[in-house]
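Heads up: the structure comes next, in structure tokens.
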Amino acid sequence: MKTYLLPSIKITVVLLVLLSGLYPLVIAGIGKFTPGQGDGVTVTYKGRVVGYANIGQKFTKDQYFWSRPSAANYQADAGAGSNKGPSNPDYLKGVEKLIDTFMVHNPTVKRGEIPAELVTSSGSGLDPDLSPAGAGVQVARIAKVRNLPAAQVEKIIADNTEGPVLGLFGPSKVNVLKMNVALDELKK
Amino acid sequence: MNTEILGVIFMYLAMVGLAIPLGKYIAKVFKGEKTWLDFMAPLERLIYKLSGIDPTREMNWKQHLKAMLTISVIWLFYAFFCLIFQGHLPLNPDHNPGQTPDLAFNTALSFLTNTNMQDYSGESGVTYYTQVFVLMFFQFVSAATGIAAMMVVVKAMKDKVTDKLGNFWDFLVKSVTRILLPLSFVVAVILAFNGTPTSYKGKDTVIGLQGDTVHVSRGPAAAMIGIKQMGTNGGGWFGTNSAHPLENPNYLANMVENISIVLIPIALVFALGYYLNKKKLAWVIFGVMTVGFMSMLIPSIRAEIGGNPAIAHLGISQPGGSMEGKEVRFGAAASAYWGITTTVTSNGSVNAMHDSMMPISGIGQMFDMMINAFYGGVGVGYLNFYVFIIIAVFISGLMVGRTPEFMGRKIEAREMKIASLIALLHPFLILVGTSVASWVLVNYPNINWATKPSAWLNNPGFHGFSEMLYQFSSASANNGSGYAGLTANNIFWNFGTGLVIFLARFLPIIGPVAIAGILANKKFIPESAGTLKTDTVTFGIMIFAVIIIVAALSFFPALTLGPIAEHVSIK
């Protein structure tokens, strides 16, 4: 045991300096040259930071695109999923309630048109995106509240939609915060 | 073909395409041949010099184990101390408190053993000091220890009768400087440019567009995520792991992370082939692993894309599949793919909440961890597979009446006993653990504990049982993922899974290393007409059969009570 004790301690200290000291510092140095300088990418509106591009926000007012439901209530220092199992009866009742709420606020939308993402919560509780379909079913409501032509709202969705990587891999998505900033910018 | 499926196919092909040359490279590193990373040599010499180590001193298998266990004990105490007193240590901008002793016990063991089960949340349960100087440090060295252990076994297979099995420190350091650090660096840089934070700044407070105040946790996450994936560790910077939008910002980042999860485990299989000059054997092993992997993957992707029948029943549409617990930027297919890749390896990071996935996916994920050898962990996964090979050689030798030999050595009663004990340890730990938990829950639901057993589960019925079964499977497989609905941060679970994690790491390393060491000392028998060939498809089928029989017989009853029953009953 003694033969191994001293080298063990020494190599631990040396590797700590290399792996925990230097390596993350070098990454942090490189991070200075990334969008957001390694602090996270923010979104500004009228010169004020209104959030992080990658962190979803709670939107419940009718004039905004709603974000997905969140088990963490969009607390970005305590993200969480619901962890409800697919067969849990209480969970299914909760989904039913979310469907009802959505239909009350969006009377022109038929039940079968509501995509599941709008009544289920994300894994992180901080999902910043919707699918284009999830944004599309909200157009009629927003256009009515804001007194805008539907085409203008649809254009905001189209402008903010990001397609698959290289046009080939993964789903399309649209950032909720960016769409809502674009909506507010129309007011000027 | 739709872009979600295409993304999954691309990830798999890219991973295999990278794993083959990487395997060749790893073999060169351990053979001591020239590679393009030789500029690391002065750094390695400096490390040896400062630590007072002679990397050329050959060790036998017992000396290897002594070195590994000694340094593990030191690491364990260091981690335990830091986690308890982290509130008083530097680099704590969010002023997080120290961990309770039972949580620190669980966390220290969990990261020491490459498991990374996290009963805390990264945002509030640890500090930047413990994340970087304890947890991330362990992510490097535990993976390196796994590779070192595998190299002992592989080296023992290579040389004719020998006691000299290389130097533990040399294997450890080279695994870090030549494999883990360069690859983690690449992943970390890619993530940084896609939006993962790298700076040491603490929480930010912003007022959102709608007027709500939000606190955003940050920190030098990119560096840790690189090694978390490359080292099959899986422990995330943030509580929701790679589902968190800063930890895994977009589909490109997701592809890079997911490829990293399986890359080194598969590369090591090919490295074995190049190192021993037995490429056919490597392909047989890879083939068996791939058949097992695909048979879990395809049903899971189908189930997640198909959506939840109980949600369909409510009359809404599921164009993106089952979305509870999933992120829009990844979609159902990539979430299912991640779920299977993270459990066939011993990684355990998640990009969607497994607790909310379809029961078919649950069967796949749990079965992956119960078998624990399809692709496996960095190094250790191959050791589990080695145990199955030894058993398969012995059984098929008896069946066809030939001497059971593997790589020119006779397999006899002593090796067979060790292999059987190791193969049986895993079901024993999972099933006994789950039974004890169920027994306590049923008989003492309201016992006077800080967390009453009746508050453990987040879901009723079959799914609730699955939460407990999953937790012990994950602990014993050193995986670390979880059905996160389980309330695990309390004495019962912290201590119970901590103990399982410990036993399930060190015994399965000691066993195969001992077998390999004993075999290496035996007389070498050249191949003859009487030798059972191990690098054939027939033998591959034999290994597969042994794995399925051992796993299916031990685990099928438990799976029936959990995910299988849920699948049959969900409407």
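Residue numbers (my numbering), protein chains in the order written: chain A, 1 to 188; chain B, 1001 to 1571.
Beta carbons: idealized from backbone N, C-alpha and C, even for Gly.
Model, not experiment: these values are computed from the prediction.
Contact annotation: A1267 of chain B and I1026 of chain B have beta-carbon atoms nearer than 8 Å. Nearest neighbour of S82 of chain A by Cα position, chosen from B:V1141, B:T1487 and B:S1569, turns out to be B:T1487. Inclusion of A71 of chain A and I55 of chain A in the CB contact set at 8 Å is not warranted, their separation being larger than that value.
About 6 Å separates the CB atoms of A1373 of chain B and I1547 of chain B; that is less than 8 Å, so the two are in contact. Among the residues facing chain A, H1244 of chain B is included, as its CB has a counterpart in that chain under 8 Å away.
Chain order gives the chain B residues near T12 of chain A as S1051, I1071, I1074, W1075, Y1078, F1137 and V1141, where near means a beta carbon separation below 9 Å. For G51 of chain A, the enclosing beta strand (DSSP E) begins and ends at R48 to Y52. Under the DSSP definition of a beta bridge, V1214 of chain B partners with B:V1206.
With its beta carbon at least 8 Å from every one in chain B, I142 of chain A lies outside the interface. Beta-bridge annotation (DSSP): E1405 of chain B is paired with B:K1410. Judged by DSSP in its simplified three-state form, P107 of chain A adopts coil rather than helix or strand. In the three-state reduction of the DSSP assignment, L130 of chain A falls in the strand class, which pools E and B.
When rounded, the separation of the alpha-carbon atoms in G170 of chain A and I1422 of chain B is 41 Å.
For the C-beta of F1010 of chain B, the chain A residues within less than 8 Å are, from N- to C-terminus, L168 and F169. For V119 of chain A, the nearest CB of chain B lies under 8 Å from its own CB, placing it at the interface with that chain. With fewer than 16 other beta carbons inside 10 angstroms of its own, I1207 of chain B counts as exposed. Here the stretch 1235-1246 of chain B makes contact with the stretch 1108-1121 of chain B; the two share three or more CB pairs at distances below 8 Å. In this structure the stretch 115-133 of chain A lies against the stretch 1321-1337 of chain B, because at least three pairs of beta carbons, one per stretch, are closer than 8 Å. In the same chain as G38 of chain A, and ignoring 5 residues on each side of it, the C-beta atoms closer than 7 Å to its own belong to A28, G31 and K32, in chain order. Across the set B:M1369, B:L1314, B:P1309 and B:P1512, the C-alpha of B:P1309 shows the shortest separation from the C-alpha of M1357 of chain B.
When the alpha-carbon of V1176 of chain B is set against those of B:F1030, B:S1476, B:P1453 and B:K1201, the nearest one is in B:F1030. In this chain, the beta strand (DSSP E) harbouring N175 of chain A covers K173 to N175. Contact check for A1419 of chain B and I1515 of chain B: beta-carbon distance about 6 Å, within the 8 Å limit, so the pair qualifies. Using beta-carbon distances, S70 of chain A does not count as an interface residue toward chain B, since no partner is under 8 Å. Residue-level contact check: M1323 of chain B touches chain A, since one or more beta carbons of chain A fall below 8 Å from its beta carbon. Unbroken beta strand (DSSP E) runs of no fewer than 3 residues, entirely contained in the stretch 1082-1146 of chain B, are not found. Taking the CA atoms as reference points, K61 of chain A sits about 15 Å from L98 of chain A.
Using beta-carbon distances, L126 of chain A counts as an interface residue toward chain B, with a partner under 8 Å.
Taking the Cα positions, T1403 of chain B is about 27 Å away from Y1274 of chain B. Taking a Cβ-Cβ threshold of 8 Å, the residues of chain A close to Y1200 of chain B are A28, in chain order. The beta carbon of T1343 of chain B is closer than 7 Å to those of Q1365, D1368, M1369, N1479 and S1481 in its chain, skipping five residues each way along the sequence. Not a single C-beta of chain A is nearer than 8 Å to the C-beta of D1038 of chain B. Under DSSP, the beta-bridge partners assigned to F169 of chain A are A:V165. Cβ-Cβ distances below 7 Å link V145 of chain A to D62 and Q63 in the same chain, with the five nearest sequence neighbours on each side left out; the list follows chain order.
The beta carbons of W1493 of chain B and Q1471 of chain B sit about 7 Å from each other, so the pair counts as a contact at 8 Å.
Beta-bridge analysis with DSSP links P115 of chain A to B:S1317.
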